[in-house]
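K.L.:
Start counting the sequence shown at 48; every next residue gets the next number (our numbering). Using N, Cα and C, we set each Cβ at its ideal position, and we do this for glycine too. Next up is a structure, given as structure tokens.
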Amino acid sequence: MKLVHWMLLGTLLSPVFCPAQTTCPWINAATATNAPSGSSISTGQITVAGNECRFRYQDGGVAYVLRVTVQDIENGNKVMKMKEAECTSKKIALPGIGNEAVLCGADMRSSLGEQVIGRVRDRIFTVIVSAKTGHNSPTIRKSLCDKAENGAEQVAGNLF
Numbered sequence: 048m049k050l051v052h053w054m055l056l057g058t059l060l061s062p063v064f065c066p067a068q069t070t071c072p073w074i075n076a077a078t079a080t081n082a083p084s085g086s087s088i089s090t091g092q093i094t095v096a097g098n099e100c101r102f103r104y105q106d107g108g109v110a111y112v113l114r115v116t117v118q119d120i121e122n123g124n125k126v127m128k129m130k131e132a133e134c135t136s137k138k139i140a141l142p143g144i145g146n147e148a149v150l151c152g153a154d155m156r157s158s159l160g161e162q163v164i165g166r167v168r169d170r171i172f173t174v175i176v177s178a179k180t181g182h183n184s185p186t187i188r189k190s191l192c193d194k195a196e197n198g199a200e201q202v203a204g205n206l207f
């Protein structure tokens, strides 16, 4: 067989032997889950749909969900104000992460959450990290803040 035929055959069979992994355009799984170098999260825990990526993972017995959304916008100030109105705690300014980024609570019924809302040029991004836990401990709250802030740094950097 000629080399061209082998290359064509290899191209056709590669999806069978090397299944594609779902990827998020703004943050990778290792960064999103704060996984140690070389480890990965199992299939089915990453969901990418339109302008949103979701990562589900366990860390020390706590189930986390990290959700990233990126939206192209025209009237950034108005959209930022609308998103900030959804905060469940006081906003804390995060200079150095995009433009006008803030960290604030994103608690829901049965889960604790922290989120970063920011802007890079004509795009608004949110990074929300939530955990289903039976109690609101300062340790878990700090972990959520750190995870949201680290994720937001990566997303903002990738949007520049």
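Counting along the chain, where does the beta strand (DSSP E) carrying aspartate 106 start and finish?
P.N.:
Its beta strand (DSSP E) spans residues 99-106.
K.L.:
Quick one, which of Glu200, Leu191, Val202, Arg166 has its alpha-carbon nearest glutamate 121's?
P.N.:
With distances taken between Cα atoms, glutamate 121 lies closest to Arg166.
K.L.:
Who are the near neighbours of threonine 116 in its chain, counting only those whose CB is closer than 6 Å to its CB and skipping five residues on each side?
P.N.:
So the list reads Asn98, Glu99, Thr173, once near-sequence residues are dropped.
K.L.:
Glycine 165 by DSSP, collapsed to three states: which one?
P.N.:
DSSP places glycine 165 in strand when its eight states are reduced to three.
K.L.:
Quick one: grab the DSSP three-state call for aspartate 119.
P.N.:
Aspartate 119: strand per DSSP, three-state reduction.
K.L.:
My parser needs the beta strand (DSSP E) runs of 3 or more residues fully inside the segment 141-197; what are they?
P.N.:
If we require 3 residues or more, the beta strand (DSSP E) runs fully inside the segment 141-197 come out as 146-152, 158-167, 170-179.
K.L.:
Are there 16 or more other CB atoms within 10 angstroms of the CB of arginine 114, so buried, or fewer, so exposed?
P.N.:
Counting Cβ neighbours within 10 Å, arginine 114 comes out buried, since at least 16 surround it.
K.L.:
Between Ala110, Gly145, Ile175, which has its C-alpha nearest cysteine 134's C-alpha?
P.N.:
For cysteine 134, the nearest C-alpha among the options comes from Ile175.
K.L.:
Would asparagine 98 pass as an interface residue toward chain B - the criterion being a Cβ-Cβ separation below 8 Å?
P.N.:
Going by chain labels, chain B is absent from the structure shown, which holds only one protein chain.
K.L.:
Would you mind sorting lysine 130 into buried or exposed? The rule is 16 or more other CB atoms within 10 Å of its CB.
P.N.:
With 16 or more other Cβ atoms within 10 Å, it is buried.
K.L.:
Have a look at alanine 153 and arginine 188 and give me their C-alpha separation to the nearest angstrom.
P.N.:
Cα to Cα, alanine 153 sits roughly 11 Å from arginine 188.
K.L.:
Relative to the C-alpha of valine 109, which residue among Glu196, Ser190, Asn197, Phe207 is closest?
P.N.:
Valine 109 has its Cα closest to that of Ser190, out of Glu196, Ser190, Asn197, Phe207.
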